[in-house]
Amino acid sequence: MPMLAKHVAALFAIIAVAMPVAAQPMPQLPQSRQEIQLSFSPLAKEVAPAVVNIYTRKVVRAPTSPLFNDPFFRRFFGDTLGMGNQERIQRSLGSGVIVDAKGIIVTNHHVIAGSDEITVVLSDRREFEASLVGSDERTDLAVLRIDAGGEALPALPIGDSDRLEVGDLVLAIGNPFGVGQTVTSGIISALARTNVGVTDFQSFIQTDAAINPGNSGGALVDMGGRLVGINTAIYSRGGGSNGIGFAIPTNMVRAVLTGLTQNGKIVRPWLGVSVQPVAPDMATALKLPRPMGVLVNGLYPDGPAEQAGLRVGDVITAVNGHHVEDDAGLRFRLATMPVGEEAELTVMRQGSDRHVEVSLIAPPEMPPRDQTEIGGRSSPFAGLIVANLNPALAEELGIEAMQPGVMVVGIHRGSVAHRLNFRPGDMVIEVNGRAIARVDDLERLAGRSAPEWRVTLRRDGEAVTFVIER
215 MPMLAKHVAA LFAIIAVAMP VAAQPMPQLP QSRQEIQLSF SPLAKEVAPA
265 VVNIYTRKVV RAPTSPLFND PFFRRFFGDT LGMGNQERIQ RSLGSGVIVD
315 AKGIIVTNHH VIAGSDEITV VLSDRREFEA SLVGSDERTD LAVLRIDAGG
365 EALPALPIGD SDRLEVGDLV LAIGNPFGVG QTVTSGIISA LARTNVGVTD
415 FQSFIQTDAA INPGNSGGAL VDMGGRLVGI NTAIYSRGGG SNGIGFAIPT
465 NMVRAVLTGL TQNGKIVRPW LGVSVQPVAP DMATALKLPR PMGVLVNGLY
515 PDGPAEQAGL RVGDVITAVN GHHVEDDAGL RFRLATMPVG EEAELTVMRQ
565 GSDRHVEVSL IAPPEMPPRD QTEIGGRSSP FAGLIVANLN PALAEELGIE
615 AMQPGVMVVG IHRGSVAHRL NFRPGDMVIE VNGRAIARVD DLERLAGRSA
665 PEWRVTLRRD GEAVTFVIER
């Protein structure tokens, strides 16, 4: 056996000479404590004081008996039977971020929606009553203000979320489950997520940093200590973190913050264009190298897009150099830009790129809304509150409006229209074979008598026709 061992050793020596192995660098031992210890502690100490806890309180009036929730019972005893109601206090919690040393705080709309009182607790445990500067349900963002008596509060600088890349390290800071301020770490898992379904303007940052209930409104921070997102939602099967969290990019936060603090409201740019994603089977017909961008399928007459020279059939692939892959991405890009400026659209037409400058204007109030309540008792429209659909109203309702029409914006409870199940958001298209383009058209027809009414509505994107007999 010793002799065999010698032959084996000799054989390996020959192989080693015949087939030299590439030189490998020798691992180096750590030369200092800093090289041994990786810690986010310095960053956490720097940014955590700017993240606050938010507690809300609202009074909820509810029936004392389940009978008062029964539609049959309420039909006879009414909706305002005081003896059947009792008050209870509903509390909720969330997080927020100080973005201005004067006491301006950004959080989520859903954290403070409907609240009667808002309390902000700083990291040093001081408490302040907060006032609501403004809130935007469509982006799920809200702005609060607290008065610290002139003291400069710790605030996070707002970073450029467009500079993020997948794989970047981030910290998530908030108040999960009400246990107190908590810092978690992770990476940027994906960008421009548009299929989350949380807000109307979607282009979320996805991260695997642990986010849980109570983190809503908290900070997503990059390694430079800059705010890059407001933590908003999680994908979860059981209510806890599964490593898929979503944050609103700060470029959207900045636009909402500016609008609410400077103007008291948000005015978003309007292009007057409707689009759809480019499906794989459409790419070849459109002479595209791959499915990309959004296809223009409608233009508002004399709107900014039409004036700039866009045509039905064009494919918008980028806004100011930022790629867009679907209609949500286009809406997001435009919503982050101020009214009064211009946007450069990259457009693919007949297989070639071109750049189009489009003016960003506020959605116009043309035609005038002419909001009107339909009266009388003989018509099925009695009790409807209707308005002429124009770009400004369409923007408020979060719908597209390529053509004018008459929109139901309200219904009087107990009216004829209410009993016939009209709904806010319905668009009246046609009555007894006559097209309805203006409120005047509907008023005129509603004042007449007819043996039956054939009404066509656009509801949830589909045409619905029903017949009402007297």
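The C-terminal position of the sequence shown is numbered 684 in the working numbering, with every residue numbered one higher than the one before it. Even glycine gets a Cβ: it sits at the ideal position worked out from N, Cα and C.
Since G507 contacts G431 with CB under 8 Å, what's their CB separation in whole angstroms?
To locate residue 507, count along the sequence shown from 1; it is residue 293. To locate residue 431, count along the sequence shown from 1; it is residue 217. Going by Cβ atoms, the distance from G507 to G431 rounds to 33 Å, so no, they are not a contact pair.
Range covered by the alpha helix (DSSP H) that runs through A601
Here residue 601 is taken as the residue at index 387 of the sequence shown, counted from 1. No alpha helix (DSSP H) holds A601; the beta strand (DSSP E) holding it covers 598–603.
Coil, strand or helix - M496 by DSSP
For the purposes of this step, residue 496 is taken as the residue at position 282 of the sequence shown. It is helical.
Going by Cα to Cα distance, which pick from A356, A366, L441, I372 is closest to I387?
Here residue 387 refers to the residue found at position 173 when the sequence shown is read from its first residue. Taking the Cα of I387 as reference, the smallest distance to any Cα among A356, A366, L441, I372 is reached at L441.
C-beta contact flag for T408 and A519 at 7 Å
Taking the sequence shown and counting its residues from 1, one reaches residue 408 at position 194. Taking the sequence shown and counting its residues from 1, one reaches residue 519 at position 305. The answer is no: Cβ separation not under 7 Å.
Do you know how far the Cα of G438 is from the Cα of E644?
Counting from one through the sequence shown, the residue named residue 644 turns up at place 430. Counting from one through the sequence shown, the residue named residue 438 turns up at place 224. Rounded to whole angstroms, E644 to G438 spans 58 Å at the Cα level.
Assess, as a yes-or-no matter, whether the stretch 562–570 is touched by the stretch 521–529 under the definition of 3 or more beta carbon pairs within less than 8 Å.
The stretch 521–529, when compared against the stretch 562–570, does touch it at the 8 Å Cβ threshold.
Would you check if the distance between the CB atom of D540 and the CB atom of P491 is smaller than 7 Å?
The residue labelled residue 540 in the question sits at position 326 within the sequence shown. The residue labelled residue 491 in the question sits at position 277 within the sequence shown. It is a contact, given that the beta carbons lie within the stated cut-off.
CB I599 to CB G624, shorter than 7 Å?
Translated into positions along the sequence shown, residue 599 becomes position 385. Translated into positions along the sequence shown, residue 624 becomes position 410. A Cβ-Cβ contact shorter than 7 Å links I599 with G624.
In terms of residue numbering, what span does the beta strand (DSSP E) encompassing A651 cover?
Taking the sequence shown and counting its residues from 1, the one referred to as residue 651 is at position 437. Unbroken run through A651: none, as it is neither H nor E.
What separation, rounded to the nearest whole angstrom, lies between the Cα atoms of S253 and M641?
Numbered from 1 along the sequence shown, position 39 holds the residue referred to as residue 253. Numbered from 1 along the sequence shown, position 427 holds the residue referred to as residue 641. If you draw a straight line from the Cα of S253 to the Cα of M641, it comes to about 58 Å.
Less than 7 Å between C-beta atoms, sequence neighbours within five positions excluded: which residues of the same chain meet that for F391?
Within the sequence shown, numbered from 1, the residue matching residue 391 stands at position 177. If the five residues before and after F391 are omitted, its C-beta is found closer than 7 Å to the C-beta atoms of N426, P427, G428, all from its own chain and listed in chain order.
S255 - DSSP class collapsed to helix/strand/coil:
If you number the sequence shown from 1, residue 255 lands on position 41. The answer is helix: DSSP assigns S255 an H, G or I state.
Assuming L370 and T321 form a contact by the criterion Cβ under 8 Å, report the distance between their Cβ atoms to the nearest whole angstrom.
Along the sequence shown, one-based indexing puts residue 370 at 156. Along the sequence shown, one-based indexing puts residue 321 at 107. Actually they do not touch by this definition, with Cβ atoms about 13 Å apart.
Stretch-stretch touch, CB-based, cutoff 8 Å, three pairs: the stretch 473–481 with the stretch 343–362
By the criterion of at least three beta-carbon pairs nearer than 8 Å, the stretch 473–481 is in contact with the stretch 343–362.
Let me check understanding here. Comparing Cα to Cα, which of I613, N604, V653 lies closest to R673?
Here residue 673 refers to the residue found at position 459 of the sequence shown. Taking each of I613, N604, V653 in turn and checking the Cα distance to R673, the smallest one comes out for I613.
Apply the 10 Å Cβ neighbour rule to M466 and answer buried if 16 or more other Cβ atoms are within range, or exposed otherwise.
By 1-based counting over the sequence shown, the position of residue 466 is 252. M466 is buried by the Cβ-count criterion.
Which of the three DSSP states is assigned to A519 in this structure?
As a first step, residue 519 must be located in the sequence shown, where it is residue number 305. In this structure, A519 counts as helix in the three-state DSSP scheme.
Specify the secondary structure class of I326 as computed by DSSP and reduced to three states.
Here residue 326 refers to the residue found at position 112 when the sequence shown is read from its first residue. Of the three classes helix, strand and coil, the one that applies to I326 here is helix, per DSSP.
For M506, report the span of its beta strand (DSSP E) as first-last.
Looking up residue 506 in the sequence shown gives position 292. Run containing M506: none; DSSP gives neither H nor E here.
Quick check on the burial criterion: 16 or more other C-beta atoms within 10 angstroms. Buried or exposed for P582?
Your numbering for residue 582 matches position 368 in the sequence shown. Within 10 angstroms of the beta-carbon of P582 lie fewer than 16 other beta-carbons, which makes it exposed.
From V678 to P665, what does the alpha carbon distance come to, in whole angstroms?
Within the sequence shown, numbered from 1, the residue matching residue 678 stands at position 464. Within the sequence shown, numbered from 1, the residue matching residue 665 stands at position 451. Between V678 and P665, the C-alpha separation is close to 20 Å.
P605 classed as buried or exposed, judged by whether at least 16 other C-beta atoms fall within 10 angstroms
For the purposes of this step, residue 605 is taken as the residue at position 391 of the sequence shown. A buried status is given to P605, since no fewer than 16 other beta-carbon atoms sit within 10 Å of its beta-carbon.
If you run the structure through DSSP and keep just helix, strand and coil, what is R377?
For this step, residue 377 is matched to residue 163 along the sequence shown. In this structure, R377 counts as helix in the three-state DSSP scheme.
G590: buried (16+ other C-beta within 10 angstroms of its C-beta) or exposed?
In the sequence shown, counting from the first residue as 1, residue 590 sits at position 376. Result: exposed.
Which ranges does the beta strand (DSSP E) cover as unbroken runs of at least 3 residues, wholly within the stretch 510–561, from first to last along the chain?
As summarised for the stretch 510–561, the continuous beta strand (DSSP E) elements at least 3 residues long and confined to that stretch are 529–533, given in chain order.
Chain-order list of residues whose beta-carbon lies under 6 Å from that of A362 (same chain, five-residue window excluded):
As a working mapping, residue 362 is identified with position 148 in the sequence shown. Within the same chain, A362 has close Cβ partners G317.
Using DSSP bridges, identify the partner residues of I480.
By 1-based counting over the sequence shown, the position of residue 480 is 266. Residue pairing by DSSP places I480 in no beta bridge whatsoever.
Option in T446, I312, L574 with minimal Cα separation from H324:
Reading the sequence shown from its first residue, position 110 is the one you call residue 324. For the residues T446, I312, L574, the minimum Cα distance to H324 belongs to T446.
Would you report the Cα separation of R547 and P368, rounded to the nearest angstrom?
Locating residue 547 in the sequence shown gives position 333, counting from the first residue. Locating residue 368 in the sequence shown gives position 154, counting from the first residue. Across the structure, R547 and P368 are spaced so that their CA atoms are roughly 30 Å apart.
On the premise that D414 lies in contact with R352, defined as a C-beta separation below 8 Å, what is that separation, rounded to the nearest angstrom?
Counted from its first residue, the sequence shown places residue 352 at position 138. Counted from its first residue, the sequence shown places residue 414 at position 200. The distance from the Cβ of R352 to that of D414 is about 4 Å, consistent with a contact at the 8 Å cut-off.
Euclidean distance between Cα positions of P638 and M621:
To locate residue 638, count along the sequence shown from 1; it is residue 424. To locate residue 621, count along the sequence shown from 1; it is residue 407. In this structure, the straight-line span from the alpha carbon of P638 to that of M621 is close to 8 Å.
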